[in-house]
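Encoded as structure tokens, the structure appears first; notes follow it.
Numbering (the numbering used here), first residue to last: 3 to 428.
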């Protein structure tokens, strides 16, 4: 029996805990509401992009060949933004950038230097803390990408590969893919590339996966290379734009970010709404159909080990139980072993259920009735169906669907299961 959802649907009207949103946002896929050790400074699981007090955007202006004094001055001038394209040991093209009072620039990358507004590190599926990722050699660029946002409505945001360093320069070395365009301008790709996917029909209940593209240093759109670091660029897709839309996914070869617009965020569930849904599920007093003990989802504060009353699910059938160690499964910190469901005899993984706490990943405000397999993160049916269809980049040349709350690769026919709760006997 699925818990009654009449009151749950009413809670969709719950207002936000914060004032009306007037800014866009970036959210790192894998973190369920916060970093394992907490959000600190510019290193966090989500980043709000709001209008700056003073515009800091830039746009291309003068093009120089490196042998000229102007080019050398542009590279050495820390007040002058520039992009350097090294064609050979004897030839470098430098593009100067000038201030643009109509845009704000936000930069994303692995570096902790001041030009980076949003510091991101490599996502390792299933890791429990930041220390779990330290031994992994990072594939994210120190200055991965930059986003230019219009300062006036409709606040259009455009993404570009590579970011300016502390000297306000971008350097594309000899080995980087680069070329001269038909109009005589220079363009290129970063080593591991910046990929973008725009969902079809927006980030709504009707959303469908789009096509992954690569974004160049100058913001042009290309089909994917054979591998992330291949020298040969894909084909230019002139009919598509680098303009970000609600639900756009940005992959930096090590971390995937979700772009949410202020308008889109105004229609998503809030943390307060998700907490109300949790309380409503617990108020329905779901029970273990075998032990008859009452189950309850724990508070939304981050935890890594299940509570005593935490619901567990047999992923093959969806029957929800309390924890038990029948069938040789003795360690509740090591879930996922194949078990036989006492209700229907279906065999499959047996894992604890965790509420998806990052509201930005939800497509609607419906009750959390489905769980991703094999991780057990719970969300609405539409949300589970959408993410199970999204091929997220993995490594340098593979793609697979993954849970947005933990980045674990999905398994099973659908990648998620409908939860079957047992209501109270009284």
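In this text, a Cβ means the ideal position worked out from N, Cα and C, and glycines have one as well.
In this structure the region 140-147 lies against the region 246-266, because at least three pairs of beta carbons, one per stretch, are closer than 8 Å. Straight-line spacing of the CA atoms in residue 281 and residue 218 works out to 46 Å. Residue pairing by DSSP puts residue 373 in a beta bridge opposite 380, 419. Per the coordinates, the alpha-carbon of residue 108 lies some 51 Å from the alpha-carbon of residue 295.
Judged by DSSP secondary structure, residue 280 falls within the alpha helix (DSSP H) whose first and last residues are 273-285.
In chain order, 207, 365, 366, 368 place their CB closer than 8 Å to the CB of residue 384, counting only its own chain and leaving out the 5 sequence neighbours on each side. When rounded, the separation of the alpha-carbon atoms in residue 198 and residue 250 is 7 Å. Ranking 203, 173, 200 by CA distance to the CA of residue 191 puts 173 first.
With respect to the 8 Å criterion, residue 318 and residue 347 are not classified as neighbours on the basis of their beta carbons.
By the Cβ test, the region 149-159 is not in contact with the region 78-86, since fewer than three Cβ pairs between them sit closer than 8 Å.
Residue 232 carries a coil assignment under DSSP once its states are collapsed to helix, strand and coil. Rounded to whole angstroms, residue 339 and residue 375 show a C-alpha spacing of 13 Å.
Shown here for residue 266: same chain residues with a beta carbon closer than 8 Å to its own, the five before and five after excluded, namely 204, 205, 248, 249 in chain order. Secondary structure note for residue 266: its alpha helix (DSSP H) is the uninterrupted segment 264-267. Residue 298 carries a coil assignment under DSSP once its states are collapsed to helix, strand and coil. Here residue 382 is buried, its C-beta having at least 16 other C-beta atoms within 10 Å. For residue 152, same chain residues with a beta-carbon under 7 Å away, outside a window of 5 residues either side, are 104, 105, 158 in chain order. Distance from the CA of residue 327 to the CA of residue 414, rounded to the nearest whole angstrom, comes to 23 Å. A direct Cα-Cα distance of roughly 22 Å separates residue 289 from residue 418. Between the C-alpha atoms of residue 25 and residue 323 there is a straight-line separation of about 42 Å. Per DSSP, the beta bridge partners of residue 100 are 61. Looking at 398, 320, 299, the one whose alpha-carbon comes closest to that of residue 311 is 299.
Here residue 224 carries a strand assignment [DSSP, helix/strand/coil].
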